[in-house]
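If you count by mature numbering (1 follows the signal peptide of the UniProt record, and there is no 0), then the sequence shown holds residues -19 to -1, 1 to 231, one letter each, in order. C-beta atoms are modelled at their ideal positions from N, C-alpha and C, and glycine is treated no differently.
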Amino acid sequence: MKVVWPLILLCCVGGSASALDTQVNITTGQWPPYLDQAKQDQGCVAAVIRDVFALSDIKVRFLFMPWERAYQEGMKAAYIGSAYWYYSEQRSKDYIYTQHPLTEETARFYHHRDLAFTYTSYADLKPFRLLLNQGLTYPPSLLEAIETLEIKTSYATYTSKNVALILRNRADIMIMDEKSAKSYQQELPAEEAELLAAQAIPAFIQKGYLLINKHHSEYVELYNEGLKKLWADDDYVAQYRARCSRVFTD
């Protein structure tokens, strides 16, 4: 017994000390300017998540992959979560939503400028082919309208392909956050970028959250408190708002 108890004690202490890793892995997908594999900081949302964990001396490694795969992989024990996602009831069952949103995004309908389309309600989509992306979150009201009105849809794996699919008439209308659409337009030659038109009335407005893997719930409070500290810094918030999104603290 004199030999066994010290060993048990050491095991317990070691397990407690390693509860939080010095580096964590988070799955994500391409969604500029918020998440951008081509940028040094990997996008403004990636930067703020990294800053949150840095307050606890934890490094973050982002793994970019198609959105549907990112969502599924993020539930595996190798990852502490997935960044970042709009709210849905199913996602709240699969993951733990963090307390405060990282973004508020205005999604619009985009199409070739020659398409005769004016959006006032989802019913206006009925004559057209709507392009969606696998793995992304869409409001229940839109999904219901697609089913009820029998709106034709097609799915793309990568959001980076959306604009090209629209301009090549592979689909009529796409939905995208206005800042993301602008980022993709800036990658095009000017004469092509001008061909993409946006509807004035938003398709919907959503907030995006970091999702924490239920196997790693120990990171929830750490993240929530860390983000709260960053949002208390007026200079940090001003820079984030200018580059990324407005901030929510309530």
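Going by beta carbon distance, what residues of the same chain come within less than 7 Å of residue i, once the five residues before and after it are set aside?
| i | result |
| --- | --- |
| TRP66 | ARG72, THR118, GLY189, TYR190 and LEU192 |
| SER69 | THR118 |
| SER135 | ARG110, LEU112 and ALA152 |
| ASN194 | GLY55, MET56, TYR60, ILE61, GLY62 and TYR76 |
| MET(-19) | For MET(-19), the predicted structure reports a pLDDT of 43, less than 50, and the residue's modelled location is therefore unreliable. The matter cannot be settled from this model. |
Who are residue i's beta bridge partners in DSSP?
| i | result |
| --- | --- |
| LEU177 | HIS93 |
| ASN6 | ARG42 |
| THR84 | GLY189 |
Specify the secondary structure class of residue i as computed by DSSP and reduced to three states.
| i | result |
| --- | --- |
| LEU192 | strand |
| PHE185 | strand |
| LEU112 | strand |
| THR129 | helix |
| LEU16 | strand |
| GLN220 | helix |
| SER37 | coil |
| CYS225 | coil |
| TYR107 | In the sequence as presented, Tyr is not what sits at residue 107; that position holds Lys. If DSSP states are grouped into helix, strand and coil, LYS107 belongs with coil. |
| ALA28 | helix |
| ASP22 | coil |
| TYR100 | coil |
Less than 6 Å between C-beta atoms, sequence neighbours within five positions excluded: which residues of the same chain meet that for residue i?
| i | result |
| --- | --- |
| ILE154 | PHE90, HIS92, PHE109 and LEU111 |
| GLU86 | ASP158 and GLN187 |
| TYR165 | VAL144 |
| GLU168 | none |
Short of 8 Å in beta carbon distance, which residues of its chain neighbour residue i, apart from the five on each side in sequence? Order them along the chain.
| i | result |
| --- | --- |
| ILE147 | TYR91, HIS92, HIS93, LEU112, ASP153, ILE154, MET155 and LEU177 |
| residue 242 | What the structure shows of the chain is the stretch from -19 to 231, and residue 242 is not part of that stretch, so it cannot be assessed. |
| THR99 | ASP105 and GLN180 |
Length-filtered (3 minimum) beta strand (DSSP E) runs lying within the segment 44 to 79: 62 to 67 and 76 to 78
Meets three-Cβ-pair contact criterion under 8 Å: the segment 196 to 214 and the segment 168 to 185: no
Validate contact between the segment 105 to 119 and the segment 204 to 211 using beta carbons, cut 8 Å, 3 pairs: no
Stretch pair the segment 210 to 230 + the segment 26 to 40: three plus CB contacts closer than 8 Å: yes
Sequence ranges, beta strand (DSSP E) only - wholly within the segment 135 to 180, length at least 3: 154 to 158 and 177 to 179
Given 8 Å, three or more beta-carbon pairs between the segment 128 to 138 and the segment 156 to 176: no
Stretch-stretch touch, CB-based, cutoff 8 Å, three pairs: the segment 154 to 166 with the segment 7 to 14: yes
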